[in-house]
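Asker:
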Amino acid sequence: EEAAKWCAAAAEQGYAPAQYTLGRHYSQIMNGVENDLAKGVLWLSRAAEQGLIRAMTYLADLYHNAGTDEGDVLAAKWYAAAAGRGDLYAEKQYSLYLASGRGNVPKDPVAAKAMLADAAHGGLKEAELLYREKYGVLN
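Numbering (our numbering) for the sequence shown: 1 to 139.
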């Protein structure tokens, strides 16, 4: 509980890693912090807007798992942002949006394949497995 107070103070002062931590804690029940998804999204958004990649991907996952059209749009936004900063997991996830046209992302199978290949070549095993499943041999 004391750690949560210190984390909240740092988050209030704009420290992105603390905002991320607080957002994760609010989005799930952890370490005595009461679950409050709206607060979790707020803190994660603040950290993501400051460029914290892990906040972008965590927030994108929350939106992706919401299973709504609005969630897909926001998930695509944050996966694209994190992918643009070189996050391999986000590249894999965003490639799925490119492949399907989900989340108001213009459908682009060529870009989807290339992005998935980049994630696989970067060492993300799940991207390599998905690439092989969808396209065959990874060059």
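Quick reminder that beta carbons are idealized off the backbone N, C-alpha and C, glycines included. Predicted, not measured: the structure shown is a model, and the values here were computed from it.
1) Would you call W103 buried or exposed, if buried means 16 or more other Cβ atoms sit within 10 Å of its Cβ?
2) Closest to H121 by C-alpha separation, out of D72, K134, L138, would be which residue?
3) Could you pull out every residue in the same chain whose Cβ sits closer than 6 Å to the Cβ of M115, ignoring the five residues on either side in sequence?
4) Less than 7 Å between C-beta atoms, sequence neighbours within five positions excluded: which residues of the same chain meet that for G101?
5) Count the other CB atoms, across all protein chains shown, that sit within 10 Å of the CB of D69; report buried if there are 16 or more and exposed otherwise.
6) Rounded to whole angstroms, how far is the Cβ of A48 from the Cβ of L59, which I believe are closer than 8 Å?
7) Less than 8 Å between the beta carbons of G40 and S27, yes or no?
8) Measuring alpha carbon to alpha carbon, tell me which residue in A99, L62, A55 is nearest A81.
9) Straight-line CA distance for A127 to A117?
10) Taking C-beta to C-beta, are G71 and W43 nearer than 8 Å?
11) Which runs of the beta strand (DSSP E) fall wholly inside the region 60 to 86 and span at least 3 residues, in chain order?
Answerer: Reading from the atomic positions:
1) Note that residue 103 is Gly in the sequence shown here, rather than Trp. Of the other Cβ atoms in all chains shown, 16 or more fall within 10 Å of the Cβ of G103; this residue is therefore buried.
2) Looking at D72, K134, L138, the one whose alpha-carbon comes closest to that of H121 is L138.
3) Result list for M115: E91, S95, in chain order.
4) Listed in chain order, the non-local C-beta contacts of G101 below 7 Å within the same chain comprise K107, local neighbours out to five positions each way being set aside.
5) Counting the other Cβ atoms within 10 Å of the Cβ of D69 gives fewer than 16, which makes it exposed.
6) For a cut-off of 8 Å, the C-beta gap from A48 to L59 is around 5 Å, short enough to register as a contact.
7) Yes. Within cutoff.
8) Looking at A99, L62, A55, the one whose alpha-carbon comes closest to that of A81 is A55.
9) Those two C-alpha atoms are separated by around 7 Å.
10) Taking the C-beta atoms as reference points, W43 is found no nearer than 8 Å to G71.
11) Counting whole runs of 3 or more residues, the region 60 to 86 contains no beta strand (DSSP E) stretch at all.
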